[in-house]
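*Asks:* After the structure tokens below, expect a handful of questions from me.
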Amino acid sequence: MYCGNCFRDNALVAQLRRMGHHALMVPLYLPLTLDEADQSEGTPLFFSGLNVYLAQKFNCFQKAPNWLRKWLTSGWLLNWIGNFAGKTRGAEVGDLMLSMMRGEAGNQARELEQLIVWLKEHEQPDVICLSNALIAGLAKRMRQEIRVPVVCLLEGEDAFLDSLPSPQREDTWAELRERIADIDLFIAPTRYYADTMAQRAGIPADKLGHIHNGINLDGFEPSALPDDPPVLGYFARMCPEKGLDTLVDAFIRLKQTDQVPGLKLAIGGGCQPCDEAFVREQKQRLRDAGLLGDAKFNPNLDRDAKLAFYRKLTVLSVPATYGEAFGLYVVEAMASGVPVVAPDHASFPELIEQNQAGVICEKGSAAALADAIGQLLLDRERLAKCAAAGRQTAVQTHNIERMAESFIARLAKLT
30 MYCGNCFRDN
40 ALVAQLRRMG
50 HHALMVPLYL
60 PLTLDEADQS
70 EGTPLFFSGL
80 NVYLAQKFNC
90 FQKAPNWLRK
100 WLTSGWLLNW
110 IGNFAGKTRG
120 AEVGDLMLSM
130 MRGEAGNQAR
140 ELEQLIVWLK
150 EHEQPDVICL
160 SNALIAGLAK
170 RMRQEIRVPV
180 VCLLEGEDAF
190 LDSLPSPQRE
200 DTWAELRERI
210 ADIDLFIAPT
220 RYYADTMAQR
230 AGIPADKLGH
240 IHNGINLDGF
250 EPSALPDDPP
260 VLGYFARMCP
270 EKGLDTLVDA
280 FIRLKQTDQV
290 PGLKLAIGGG
300 CQPCDEAFVR
310 EQKQRLRDAG
320 LLGDAKFNPN
330 LDRDAKLAFY
340 RKLTVLSVPA
350 TYGEAFGLYV
360 VEAMASGVPV
370 VAPDHASFPE
380 LIEQNQAGVI
390 CEKGSAAALA
400 DAIGQLLLDR
410 ERLAKCAAAG
420 RQTAVQTHNI
430 ERMAESFIAR
440 LAKLT
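The numbering of the sequence shown is our numbering, which starts it at 30 and goes up by one.
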């Protein structure tokens with residue numbers, strides 16, 4: 030399963046190494062699925078998804094022999110399971126999430142101790158960075174045993190925690206608030222998300238900063254913004270949360286009114302077995318409208334194919350329904366010189382409107398989305414200005430070099 034946080038971390042570690050730093054990336058749960066060279070290669074995986082699950086479901090497994098636990102961490106086995114697994118859904122893992130947040134007091138405490146022993150024996154880091162606050166429960170024991178600062182990146186935790194069933198939802202939020210004291214610094218990808226987590230998790234201002242995510246710009250070239258035919262694009266996981274159904278609604282409206290003659294729809298991004306029923310529904314809706322021939326679905330593209338996909342777009346829209354903390358696809362579109370149309374909530378105004386890289390419209394309205402897309406596509410001068418502004422913003426603000434430099438500057442104040 031593709032993971033935006035994994036892409037971010039992998040790109041950051043690669044850049045830190047290019048800058049001459051010794052940076053280690055330790056995978057948790059499952060082997061990483063990436064579209065660039067895996068920076069965790071050669072590093073053992075901890076908190077094997079199988080061990081974590083079995084320790085949660087069966088108390089006796091916490092005393093399982095090491096040979097069995099090691100076998101359940103086998104790369105081939107986890108990769109095989111990963112082929113059938115989709116994105117973790119909060120409604121299915123409430124108890125497990127609460128246990129992980131409890132860290133040394135949770136059912137996965139043995140996994141935590143194994144990670145700490147390995148870090149002490151093999152690495153002795155100067156600072157530890159957690160990929161997200163869903164693993165904040167690891168921080169207390171790490172600080173106690175390794176005696177270095179612990180930093181935590183933030184991105185998307187609120188939406189996941191809110192999806193947990195009650196009472197685990199309330200209990201896990203409460204546990205996270207207790208764990209804030211164990212972490213020295215939190216870094217959010219946008220001001221919007223820093224403010225959100227400050228309020229919801231109770232992170233004090235002196236422990237919280239924001240650094241815009243960066244991407245490796247190699248291979249990103251400006252789109253020619255085709256108009257014969259114009260192409261409306263979507264690139265994200267193919268799921269309701271990202272608003273694919275809303276975009277399909279908007280596309281059908283645009284085609285039925287013939288507001289943008291010849292318009293095509295290009296859909297790309299992650300599609301796992303758990304997403305396939307939803308994708309079939311969208312295809313059927315397009316078929317019923319007589320428009321399936323004007324749409325193309327491009328699931329699970331590799332990096333080269335992804336770059337080529339962006340270069341063929343005239344405009345991109347991923348009308349996510351939840352509070353998107355950042356949106357990797359926004360920056361990738363900007364780097365490709367493709368204007369973005371997005372709803373007026375969460376991080377979108379900060380990333381798009383403030384940089385004049387696209388258009389913001391009413392949230393949750395397919396009609397408003399269709400109108401915004403149509404107006405932008407018909408105004409070639411504005412389209413070109415948004416494309417140029419987005420490309421400039423990506424190059425100047427969202428490059429991985431700048432992110433890494435800002436990250437190191439923050440760490441330097443802790444060590």
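Quick reminder that beta carbons are idealized off the backbone N, C-alpha and C, glycines included.
Could you tell me which residues DSSP puts in a beta bridge with asparagine 327?
*Replies:* As a position in the sequence shown, residue 327 is number 298, starting the count at 1. The partner list for asparagine 327 (beta bridge, DSSP) reads Gly297.
*Asks:* For lysine 293, count the other beta carbons within 10 Å of its own beta carbon; 16 or more makes it buried, fewer makes it exposed. Which is it?
*Replies:* Your numbering for residue 293 matches position 264 in the sequence shown. Buried, because 16 or more other Cβ atoms sit within 10 Å of the Cβ of lysine 293.
*Asks:* Please identify the residue among Gln197, Ser435, Ala279, Glu353 whose C-alpha is closest to the C-alpha of alanine 395.
*Replies:* For the purposes of this step, residue 395 is taken as the residue at position 366 of the sequence shown. When each option's Cα is compared against that of alanine 395, the closest is Ala279.
*Asks:* Measure the alpha-carbon distance for proline 194 versus lysine 271 and round it to whole angstroms.
*Replies:* Along the sequence shown, read from residue 1 onward, the residue named residue 194 stands at position 165. Along the sequence shown, read from residue 1 onward, the residue named residue 271 stands at position 242. Roughly 21 Å separates the two Cα atoms.
*Asks:* Label arginine 47 either buried or exposed according to how many other C-beta atoms from any shown protein chain fall within 10 Å of its C-beta, with 16 as the threshold for buried.
*Replies:* Numbered from its first residue, the sequence shown carries residue 47 at position 18. That one is exposed.
*Asks:* For the beta strand (DSSP E) that contains leucine 214, what are its first and last residues?
*Replies:* One-based indexing of the sequence shown puts residue 214 at position 185. From DSSP, the beta strand (DSSP E) with leucine 214 extends over 214-217.
*Asks:* With valine 289 and leucine 283 assumed to form a contact (beta carbons below 8 Å), what rounded beta-carbon distance in angstroms separates them?
*Replies:* In the sequence shown, residue 289 corresponds to position 260, counting from 1. In the sequence shown, residue 283 corresponds to position 254, counting from 1. About 6 Å separates the two Cβ atoms, so the contact holds.
*Asks:* For leucine 254, which of helix, strand or coil comes out of DSSP?
*Replies:* Counted from its first residue, the sequence shown places residue 254 at position 225. Correct three-state label for leucine 254: coil.
*Asks:* In this structure, what does DSSP give as the bridge partners for cysteine 89?
*Replies:* Here residue 89 is taken as the residue at index 60 of the sequence shown, counted from 1. According to DSSP, which records beta bridges pairwise, cysteine 89 is partnered with nothing at all.
*Asks:* In its own chain, which residues sit with a C-beta less than 6 Å from the C-beta of histidine 374, not counting the 5 before and 5 after it?
*Replies:* Here residue 374 corresponds to residue number 345 of the sequence shown, with the count starting at 1. Answer for histidine 374: Lys392, listed in chain order.
*Asks:* In the DSSP assignment, find the alpha helix (DSSP H) that holds cysteine 415 and state where it starts and stops.
*Replies:* If you number the sequence shown from 1, residue 415 lands on position 386. 409-426 is the extent of the alpha helix (DSSP H) around cysteine 415.
*Asks:* Measuring alpha carbon to alpha carbon, tell me which of Gly366, Met267, Pro196, Leu214 ends up nearest aspartate 415.
*Replies:* Looking up residue 415 in the sequence shown gives position 386. Checking the sequence shown, residue 415 turns out to be cysteine, not aspartate. With distances taken between Cα atoms, cysteine 415 lies closest to Gly366.
*Asks:* Considering only the beta carbon of each residue, do proline 269 and alanine 354 sit closer than 8 Å?
*Replies:* In the sequence shown, counting from the first residue as 1, residue 269 sits at position 240. In the sequence shown, counting from the first residue as 1, residue 354 sits at position 325. Not in contact: proline 269 and alanine 354 (Cβ atoms no closer than 8 Å).
*Asks:* Is it a yes or a no for the stretch 77-91 touching the stretch 130-144, going by three-plus beta-carbon pairs under 8 Å?
*Replies:* Yes: the two stretches touch, three or more of their Cβ pairs being nearer than 8 Å.
*Asks:* Pull up the distance between the alpha-carbon of leucine 57 and that of glycine 231, whole angstroms please.
*Replies:* Position 28 of the sequence shown, counted from the first residue, corresponds to residue 57. Position 202 of the sequence shown, counted from the first residue, corresponds to residue 231. So the two alpha carbons sit approximately 26 Å from each other.
*Asks:* Going by C-alpha to C-alpha distance, which of Ala52, Gly71, His50 sits closest to leucine 60?
*Replies:* Locating residue 60 in the sequence shown gives position 31, where the first residue counts as 1. With the sequence shown as reference, residue 60 is identified as proline, and leucine is not the correct amino acid for it. Minimum Cα distance to proline 60 is reached at Gly71.
*Asks:* For alanine 52, tell me which candidate among Ala418, Pro372, Ile157, Glu199 has the shortest Cα-Cα distance.
*Replies:* Reading the sequence shown from its first residue, position 23 is the one you call residue 52. Comparing Cα-Cα distances from alanine 52 to each of Ala418, Pro372, Ile157, Glu199, the minimum goes to Ile157.
*Asks:* Exposed or buried, valine 146, counting other C-beta atoms within 10 Å across all chains shown (16 or more means buried)?
*Replies:* In the sequence shown, counting from the first residue as 1, residue 146 sits at position 117. That one is exposed.
*Asks:* To which residues of the same chain is histidine 1 closer than 8 Å at the C-beta, ignoring the five residues directly before and after it?
*Replies:* Nothing about residue 1 can be reported from this structure: the residues present for the chain run from 30 to 444 only.
*Asks:* Would you kindly work out how many angstroms separate the C-alpha atoms of leucine 305 and glutamate 152, rounded to a whole number?
*Replies:* In the sequence shown, residue 305 corresponds to position 276, counting from 1. In the sequence shown, residue 152 corresponds to position 123, counting from 1. The question names leucine, but residue 305 in the sequence shown is glutamate. In a straight line, the C-alpha of glutamate 305 is about 42 Å away from that of glutamate 152.
*Asks:* How long is the line joining the alpha carbons of glycine 299 and proline 378, rounded to whole angstroms?
*Replies:* Residue 299 sits at position 270 when you count from the first residue of the sequence shown. Residue 378 sits at position 349 when you count from the first residue of the sequence shown. Their Cα atoms are separated by approximately 25 Å.
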